[in-house]
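Have a look at the structure below before the remarks.
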Amino acid sequence: MLLAKKKGLVLNVTNKNSIGWAIAEAAQAHGAQVCVGAQNDKLAGKVSELTEGRPGFSTTIVDFSDPSQLESLRDEVARSFGTVDFIVHSAAFAQREDLSGRFIDTSREGFLLALDISAYSLVALCCALEPVIADDASVMAMSYLGSTRAVGNYNVMGVAKAALESAVRYLSVDLGQRGIRVNTVSPGPINTVSARGVKGLSGMIESVHERAPLKRPFGAEEVAGTCVYLMSDLSRGVTGQIVFVDDGFNILGM
Ligand SMILES: NC(=O)c1ccc[n+]([C@@H]2O[C@H](COP(=O)([O-])OP(=O)(O)OC[C@H]3O[C@@H](n4cnc5c(N)ncnc54)[C@H](O)[C@@H]3O)[C@@H](O)[C@H]2O)c1
395 MLLAKKKGLV LNVTNKNSIG WAIAEAAQAH GAQVCVGAQN DKLAGKVSEL
445 TEGRPGFSTT IVDFSDPSQL ESLRDEVARS FGTVDFIVHS AAFAQREDLS
495 GRFIDTSREG FLLALDISAY SLVALCCALE PVIADDASVM AMSYLGSTRA
545 VGNYNVMGVA KAALESAVRY LSVDLGQRGI RVNTVSPGPI NTVSARGVKG
595 LSGMIESVHE RAPLKRPFGA EEVAGTCVYL MSDLSRGVTG QIVFVDDGFN
645 ILGM
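Going by our numbering, the sequence shown opens with residue 395, and the numbers climb by one from there.
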């Protein structure tokens with residue numbers, strides 16, 4: 395069991411197709427105790443249906459737009475776990491109108507919202523939870539290739555993911571003092587509620603699967619496998635990195 399005696403948080407999950415849920419299930423299957431987050435009461439009901447009656451799971455509610463909820467989460471972690479050995483940040487948000495058409499038309503409000511929820515939230519989460527993150531723990535956040543390439547319709551979310559990846563590098567320096575690793579995992583396109591907010595998702599998925607070096611399908615389970623590695627001591631020398639899980643699509647040129 396790669397994750398025996400480890401305990402951690404996966405924030406957040408919407409339904410069984412969420413990348414976060416695949417990560418939570420894989421971590422639990424490898425022996426970890428996993429607290430699975432939902433953004434609000436309504437989504438918490440759905441998350442509880444997934445975890446109900448299954449040992450090794452608990453649930454919590456956290457909305458990254460509310461700083462007081464991060465403080466409550468820290469107190470809850472202290473009460474129930476003492477400290478955590480891993481944190482998975484698997485959340486993003488942008489207004490639907492900012493995920494189609496021309497990037498140049500992004501409003502200030504839409505820009506700040508996307509950057510706040512999708513990038514700053516990782517910084518705020520690490521800062522609020524720092525006292526309850528165990529030494530040598532592993533933190534990971536989900537990004538996408540649109541951070542460094544102009545991907546049609548991804549628009550403001552690409553800018554948010556660039557900020558997230560940069561934040562990961564700075565956090566890895568700060569938290570590296572205590573042996574805590576911080577990495578980015580960058581999946582290729584996967585059909586989830588959030589991804590469907592980006593116009594033209596199914597075309598993106600088809601094109602990646604057609605062109606990527608590996609010809610086998612990939613999805614949330616492949617992402618989860620990489621996260622288990624990053625949570626485990628096998629990756630103890632790895633921090634500040636971007637690990638792509640996209641059948642190798644990102645290395646292609648013409
Ligand atoms: N699906 C893909 O193709 C893909 C590819 C690369 C990266 N990602 C990233 O993976 C992560 C998970 O997304 P997913 O595809 O599993 O979709 P999802 O919709 O299942 O999960 C996104 C989660 O973000 C949460 N969220 C949104 N606003 C929030 C807020 N204010 N506070 C707290 N939580 C909030 C939602 O509640 C939801 O649980 C995201 O960071 C996404 O950008 C997804």
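Here a beta-carbon is modelled for each residue, glycine too, at the ideal position from N, C-alpha and C. The model shown is predicted, which means the values in this text are computed figures rather than measured ones.
Would you mind working out which of the options sits nearest residue i, comparing C-alpha positions?
i: A472; options: K440, S501 and A528; result: A528
i: A423; options: L467, G439, L646 and G619; result: G619
i: V417; options: L519, L467, M536 and R575; result: Note on residue identity: the sequence assigns Ile, not Val, to residue 417. Of the listed residues, the one whose Cα sits closest to I417 is M536.
i: C621; options: L405, A420 and S412; result: A420
i: K410; options: T586, G634, E465 and V592; result: T586
i: A398; options: V637, Q427, G597 and V526; result: Q427
i: I574; options: E600, S532 and R563; result: S532
i: V545; options: V617, S588, G495 and E524; result: G495
i: L628; options: V456, L437, I511 and D530; result: D530
i: E470; options: T454, K400 and D460; result: T454
i: G460; options: G597, D510 and K401; result: For the record, residue 460 in the displayed sequence is Asp; it is not Gly. D460 has its Cα closest to that of D510, out of G597, D510 and K401.
Count the other C-beta atoms from every protein chain shown that fall within 10 angstroms of the C-beta of residue i, then say buried if there are 16 or more, exposed otherwise.
i: S580; result: buried
i: N577; result: buried
i: M395; result: exposed
i: V567; result: exposed
i: S560; result: exposed
Would the beta-carbon of residue i fall within 8 angstroms of that of residue j?
i: T445; j: V430; result: yes
i: V550; j: A488; result: yes
i: L403; j: I481; result: yes
i: L464; j: A522; result: yes
i: L493; j: K593; result: yes
i: A614; j: I636; result: no
i: S484; j: L558; result: no
i: C520; j: L467; result: no
The stretch 607-614 contacting the stretch 641-648, beta-carbon criterion three pairs below 8 angstroms
yes
Pair every Cβ in the stretch 501-512 with every Cβ in the stretch 446-456, then say whether three or more of these pairs are closer than 8 angstroms.
no
In chain order, which alpha helix (DSSP H) runs of at least 4 residues are fully inside the stretch 533-601?
549-570
List, from N- to C-terminal side, the beta strand (DSSP E) runs of 3 residues or more that fit wholly inside the stretch 430-515.
451-455 and 478-483
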